[in-house]
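From first to last, the protein sequence lines stand for chains H and Y.
1 is the number of the first residue of the first sequence in my numbering; add one for each residue after it.
1001 is the number of the first residue of the second sequence in my numbering; add one for each residue after it.
Before any comments, here is the structure.
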Amino acid sequence: MSAALTTDLETTPFPHGAIVTAAHGAHDRAQLRPATWPRPDPHAARLLWIDPGADRFEHALVGGLPGLVAPGDLLVVNDAATIPASLLARTANGAPIEVRLAGVIPEMHGSKDDGASRGSWLGEADFARTHGSGDRGAAPGRAPGADGTSGGQATEKSHFTEENRAWAAVTFGEGDWRVRTEDRPAPPVLRSGERLAFEGGLTARIEQVSDLSPRLVTLRFDLEGAALWDALYRAGRPVQYSYLDGSVALWHVQTRYASVPMAVEPASAGLALTWDLITVLRRRGVQLARITQAAGLSSTGDPAIDAALPLPERFEIPQATVRAIDKAKSEGGRVVAIGTTVVRALEGCAALHGGRLVPGRGTTGLRIGHGHRLLIVDGLLTGIHEPGTSHYEMLRAFAPEALLDRAHAEASKVGYLGHEFGDTCLILGSR
Amino acid sequence: MKIKGTGAVVTGASRGLGAALARALAREGARVVLVARGADALGEVVGGIRSEGGEAHAIAADIGDKEAIHRIAGVAAAVAGPIDILVNGAATLGALPMPLLLDTECEDLERVLEENLVGPFRLTKVLLASMVLRGEGVVINVTSDASVVPYPRWGAYGLSKAGLEQMTRIWAAEIEGTGARIVSVDPGEMDTRMHADAVPDADRAALADPADAAHAIIDLIRRIETVTNGARVDLAAEVSAIRATVRA
């Protein structure tokens, strides 16, 4: 790398402020405030460093990340670009609705028209049939750690996104992101076969309505290939929530290395990584590898759907990443996931292949929580999550609950910000 | 660099060098995404490539439109996979007939810079970043000797190309060692509509065929590992040699 990129990030691990060692045992239940707009300087975001081995946490800044990882460590990012997945539409009767795409339906067990694999998104029975034993349904209350992973490697063909596949989508009544999802009116009853008309002339047909919720549907657009994607980008807006101050643009929700559009919400831990920071990390001997994972909707306001989140998500793990992980581990380095989607892809793949990583494509509905034995990932950089969410549950696989609770209470108390544009948490031991 | 199986984006692909290069890349087995303002002209080129058995996709977009950049990058990667080759070929001359710089309207200069410099900056910023992450890929910025020779009346265009070349050098310095590459390429004078717009009374017989220039650029991409990153590559001699071979 060019010497011209030398910055203050190199001179000290905490360029924007000193480490503050937090008082342990703070149990203030202050509410976590949301970040309401993207931060102009991601390095200045706060970073809550949780060290499970030492049973302690410290306050740092994102710009100090290079001082918290060690030479030989490997950071794995999710390079999925974020699709403008919120689309305004009208039903056949002219009723206005909002459609939020949740992801392309994985079709890994046969032909495109295999009803079982379509159904895997839609209801408990189908999910169980597609994904294995009957106690693994996508139902509310599915135990964390249940293995909902499926290998699509063998029959996935062509590129992920070029075929005209069915999409899972969540529908809302009239309105937009400014109203809390929980308070949004329900859409009119939608039926299989009904047609939807989107802005710009794009149309689609509802193929199936879920038995999980009448708001969860599969639909197939009437265009395909570049014409379909072009129409989606013209008609769609990024999915966003009511805590934001204004409408975000696509560039606000892309990581700085985004490539193939597969995510319907940003893999937001990566929003903290500037190329400046990546350059400094690389110069310290910290390597970078990538996976692509179709990050799904984080919340819908529909209790039945929300209890089933995350829905099964597709991923691709390149050969080079498998090699980089093997090399890092064999040389004593640690694998640090940049975001929960990376954990799900890597651990989901390993769960499918007897603990080994296999390059290629697959689908995972793996839920990771307390007691889950992590096979690949040693550390996690993620947002500040509220207890009770599936993201927070995942943290419990990385650190003891009491430590997480103390850290979260302190973070809320001292004003850390939550959600996709908020502050950051690193769970990783010290070296 | 191996071209077969890569995803390639070519801007300015509805005519001239861009169209020739899109055809040539498709013949080499790349999945080519063609970008230009005019959907009809673009559709003809895409149809021609497909009729030869090549893979081509069209995106109608103005490279000078900020709102179009993530649409171009997203649609391209969705249909062609990660983009390994970006050719920034789209460019405008500005006002016609080309005015002296002292007569150039400020707004016309801004428009030329938006199309020829800021647009390529925006698209390259998105696509080069993913190349750097993957450790492979090449960006080709099409330039002209108007970037270095102070031809009267070529002010707005020449300024934009000079800026594009310096942007290329700076980017190359910043990504050195990552495996991703970026160069500027001067194909020399070609028999294109742009050239006819700029120099209406030119002797067309003396001008190169854009298809020959496209072949020279394909050769350059094949040997890109041997080219200094950030270099300004003058291909006029190679294009003439290809022309001589074709005529022989």
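Positions of the beta carbon are idealized from the N, C-alpha and C atoms, including for glycine.
Given the structure is predicted, the values throughout are model-derived calculations rather than measurements.
Is residue i near residue j, with beta carbons less than 8 Å apart?
i: E393(H); j: G369(H); result: yes
i: L48(H); j: I384(H); result: yes
i: V1139(Y); j: G1089(Y); result: no
i: A1180(Y); j: L1128(Y); result: yes
i: A295(H); j: I317(H); result: no
i: R367(H); j: S390(H); result: yes
i: L970(Y); j: P1200(Y); result: Look at the range of chain Y in this structure, 1001 to 1248, and you will see that residue 970(Y) is not part of it.
i: Q240(H); j: W167(H); result: no
i: D73(H); j: A409(H); result: no
i: A1146(Y); j: Y1157(Y); result: yes
i: T292(H); j: V260(H); result: yes
i: P52(H); j: I325(H); result: no
i: R290(H); j: L1133(Y); result: yes
i: I83(H); j: A263(H); result: yes
i: A102(H); j: A1058(Y); result: no
i: G285(H); j: R234(H); result: no
i: A1073(Y); j: L1123(Y); result: yes
i: R314(H); j: T363(H); result: yes
i: P238(H); j: L250(H); result: yes
i: E1238(Y); j: A1216(Y); result: yes
i: A1051(Y); j: P1082(Y); result: Contrary to the premise, residue 1051(Y) reads as Ser rather than Ala in this sequence. No, they are not a contact pair.
i: T36(H); j: D230(H); result: no
i: R1223(Y); j: I1003(Y); result: no
i: S1160(Y); j: L1113(Y); result: yes
i: G388(H); j: R33(H); result: no
i: P40(H); j: V280(H); result: no
i: L375(H); j: E347(H); result: yes
i: L288(H); j: V322(H); result: no
i: V62(H); j: A267(H); result: no
Using CA atoms only, rank isn't needed, just tell me which of the options is closest to residue i.
i: S1144(Y); options: E1225(Y), A1213(Y), D1040(Y), A1030(Y); result: A1213(Y)
i: T959(Y); options: A1076(Y), I1217(Y), L1034(Y); result: What the structure shows of chain Y is the stretch from 1001 to 1248, and residue 959(Y) is not part of that stretch, so it cannot be assessed.
i: L212(H); options: A269(H), A289(H), A304(H); result: A304(H)
i: T181(H); options: S242(H), E207(H), R283(H); result: S242(H)
i: R334(H); options: P71(H), A272(H), G63(H); result: P71(H)
i: A1036(Y); options: P1120(Y), E1176(Y), G1054(Y); result: P1120(Y)
i: V1087(Y); options: G1053(Y), A1078(Y), L1021(Y); result: L1021(Y)
i: A1076(Y); options: H43(H), A258(H), T300(H), R215(H); result: A258(H)
In chain order, what residues of the same chain lie with their CB nearer than 6 Å to the CB of residue i, ignoring the 5 residues before and after it?
i: A1008(Y); result: L1025, A1030, V1032, I1085
i: V99(H); result: L87, A89, A169, T171
i: R1232(Y); result: E1165, S1184
i: A1091(Y); result: N1116
i: I338(H); result: L75, V77, A269, G270, L381
i: P144(H); result: Residue placement at P144(H) is poorly supported in this model, since its pLDDT is 36, which falls under 50; the coordinates are not used for a value here.
i: R205(H); result: R195, R220
i: V1118(Y); result: none
Identify the contact partners of residue i in chain H, using a Cβ-Cβ distance below 7 Å as the criterion.
i: V1075(Y); result: A226, W229, D230, Y233
i: A1058(Y); result: A226
i: A977(Y); result: Look at the range of chain Y in this structure, 1001 to 1248, and you will see that residue 977(Y) is not part of it.
For a contact meaning CB atoms closer than 7 Å, what does residue i contact in chain Y?
i: W251(H); result: H1070
Residues of chain Y with CB under 8 Å from residue i, in chain order?
i: Q254(H); result: H1070, V1126
Please list, in chain order, all residues of the same chain as residue i whose beta carbon is under 8 Å from its beta carbon, the five residues on each side excluded.
i: G1038(Y); result: S1014, A1060
i: L1100(Y); result: P1152, R1153, G1155
i: E401(H); result: H370
i: D1191(Y); result: R1204, L1207, A1208, D1209, P1210
i: D1197(Y); result: L1093, L1096
Please list, in chain order, the chain Y residues whose beta carbon lies closer than 9 Å to that of residue i.
i: A79(H); result: Residue identity check: residue 79(H) is Asp in the sequence provided, not Ala. Chain Y residues near D79(H): P1082, S1130, L1133, R1134.
i: R361(H); result: Result: empty, since nearest Cβ-Cβ is about 12 Å, beyond 9 Å.
i: L288(H); result: L1133
Within a Cβ cutoff of 7 Å, which residues of the same chain sit near residue i, ignoring the five residues on either side of it in sequence?
i: A22(H); result: Per-residue confidence for A22(H) stands at a pLDDT of 39, beneath the threshold of 50, marking its modelled position as unreliable; no derived number is given.
i: S111(H); result: Because the pLDDT at S111(H) is just 35, under 50, the model does not fix this residue reliably, and the point stays unresolved.
i: I1069(Y); result: R1122, L1123, V1126
So with CB distances below 9 Å, who are the chain H contacts of residue i?
i: I1049(Y); result: In chain order: nothing, as chain H lies at least about 13 Å away.
For a contact meaning CB atoms closer than 8 Å, what does residue i contact in chain H?
i: A1036(Y); result: By Cβ distance, chain H contributes nothing, its closest Cβ being about 13 Å from A1036(Y), past 8 Å.
i: A1013(Y); result: Residues of chain H passing the Cβ test: none, with the nearest at roughly 13 Å.
The ligand GDP and residue i: does any heavy atom of the ligand fall closer than 7 Å to the residue's C-beta?
i: H353(H); result: Judged by which ligands are present, the structure shown has none, so any question about the ligand GDP falls away.
Whole beta strand (DSSP E) elements within the region 73-108 of chain H, 3-residue minimum | If we require 3 residues or more, the beta strand (DSSP E) runs fully inside the region 73-108 of chain H come out as 74-78, 86-90, 96-104.
Note down, one range per segment and in chain order, each beta strand (DSSP E) of at least 3 residues found wholly within the region 1142-1206 of chain Y.
-> Correct list: 1181-1186.
Please go through the region 1066-1149 of chain Y and give each complete beta strand (DSSP E) segment of 3 or more residues, from N-terminal end onward.
-> At a cut-off of 3 residues, the continuous stretches assigned as beta strand (DSSP E) that sit fully inside the region 1066-1149 of chain Y are 1083-1088, 1138-1142.
Run through the region 1006-1078 of chain Y for me and flag every whole alpha helix (DSSP H) of 4 or more residues, listed as ranges in chain order.
-> Entirely contained in the region 1006-1078 of chain Y, the alpha helix (DSSP H) runs reaching 4 residues are, in chain order, 1016-1027, 1039-1051.
In chain order, which alpha helix (DSSP H) runs of at least 4 residues are fully inside the region 325-369 of chain H?
-> Within the region 325-369 of chain H, the alpha helix (DSSP H) runs of at least 4 residues that lie entirely inside it are, in chain order, 340-352.
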